[in-house]
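Inspection log for the structure reproduced underneath, given as structure tokens.
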Amino acid sequence: VAGSPVERAIDRANDSHRPRRRDYFQWLLFSACGSMMLMAATNQLSQDVAVVPLIWIAPLTLYLLTFIICFDSDRWYKRWLFSRLGVVSVLGLAYAISDDGQISDLKLAVTFFCVTLFVLFMVCHGELAQRRPAPAYLTSFYLMVSVGGAIGGLLIGFAAPYLFNALYDLPVVISLTGFLLLYLLVSGRKKKSEAEASGWSSDDDAGSDPTRGGQRPPPRGKELPSGQDPEATKGRRVQMNVTEVLEGGLP
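In case it helps, the numbering used here puts the sequence shown at residues 274 to 524.
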């Protein structure tokens with residue numbers, strides 16, 4: 274029934290986790306960064322590193338694979354690990370495409386590019402997966418992801434050839450990715466210090482990210498019992514809230 278107490282209770286729960294403008298911008302930015310990295314790395318591989326037929330399949334496969342892995346489960350992406358691996362990958366990739374770091378061996382060059390691209394794709398898609406909002410706002414989330422991917426592809430595919438007179442799109446994308454990694458490291462340290470100051474246990478997993486509509490981690494000394502599912506606990510709390518509304522009425 275429209276306007277029932279149950280629906281109003283669910284609406285209040287969704288409103289408490291409403292995405293902010295910063296969240297929409299981050300969805301757009303990480304999606305566009307992954308798309309631009311795919312296009313720029315494909316151009317670099319197929320035109321400068323290895324002029325081999327169907328070489329474009331390798332970065333595309335890694336792009337789709339990391340997207341599937343990150344959105345399959347939150348346990349695959351660990352921010353504290355991949356943010357540091359991403360810094361190493363950005364520095365290594367920047368050196369590899371420089372004049373002093375050209376890799377002469379074809380197999381080694383392709384392997385190096387694939388490994389670094391896998392790490393950077395994991396960062397972009399993992400951060401997107403950890404920033405998923407409450408179910409009521411998933412439509413907006415996936416819309417922004419699609420728009421960001423389209424913008425990234427247009428910038429590399431159409432704008433870059435007119436703006437640059439050489440293959441400069443990958444260095445530009447590497448610089449952008451480097452700034453994103455710096456932002457992740459700085460914000461991670463800030464959140465960790467704030468969590469320690471407030472007495473909450475610090476965790477980089479998605480369950481502790483308030484932008485996803487999840488629950489904050491339990492205070493130190495009040496961890497969930499072993500084997501207890503946080504999602505089940507969250508479901509029971511929502512059910513209790515709805516039951517209270519039905520029994521006591523709306524305030």
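Note that CB positions come from ideal geometry on N, CA and C, so glycine has one too.
Note that the structure is a prediction, hence the values are computed from the model and not measured.
>> Whether or not the segment 384-398 and the segment 357-364 are in contact is what I'm after, with contact meaning three or more pairs of Cβ atoms, one per stretch, closer than 8 Å; do they touch?
In response: yes
> Curious, which full-length alpha helix (DSSP H) runs of at least 4 residues does the segment 309-396 contain?
Replying inline: 330-345 and 352-369
> Apart from the five residues on each side of it in sequence, which residues of its chain come closer than 6 Å, Cβ to Cβ, to Val322?
Replying inline: Ala382
> Are Gly461 and Arg352 touching if we call contact CB-CB under 8 Å?
Replying inline: yes
>> Within 10 Å of its beta-carbon, does Phe386 have 16 or more other beta-carbons around it, so buried, or fewer, so exposed?
In response: buried
> In whole angstroms, what separates the C-alpha of Leu318 from that of Asp296?
Replying inline: 33 Å
>> Can you give me the C-alpha to C-alpha distance between Gly486 and Leu443, rounded to a whole angstrom?
In response: At Gly486, the pLDDT of 47 sits below 50, so the modelled position is not reliable and the matter cannot be decided from this model.
> Do Gly426 and Met312 have their CB atoms nearer than 8 Å?
Replying inline: yes
>> Between the segment 408-420 and the segment 370-380, can you find at least three pairs of beta-carbon atoms closer than 8 Å?
In response: no
>> Are the CB atoms of Ala314 and Tyr350 within a distance shorter than 8 Å?
In response: no
> Helix, strand or coil for Tyr441 per DSSP?
Replying inline: coil
> First and last residue of the alpha helix (DSSP H) that includes Tyr435?
Replying inline: Ala433 to Leu436
> Measuring CA to CA, which of Ile330, Ile342 and Asp372 is closest to Val396?
Replying inline: Ile342
> In terms of alpha-carbon separation, which member of Arg405, Leu335 and Cys306 lies closest to Pro292?
Replying inline: Arg405
> In three-state DSSP terms, what is Arg291?
Replying inline: coil
>> Taking a contact to mean a Cβ-Cβ separation below 8 Å, would you say Asn316 touches Leu440 in this structure?
In response: yes
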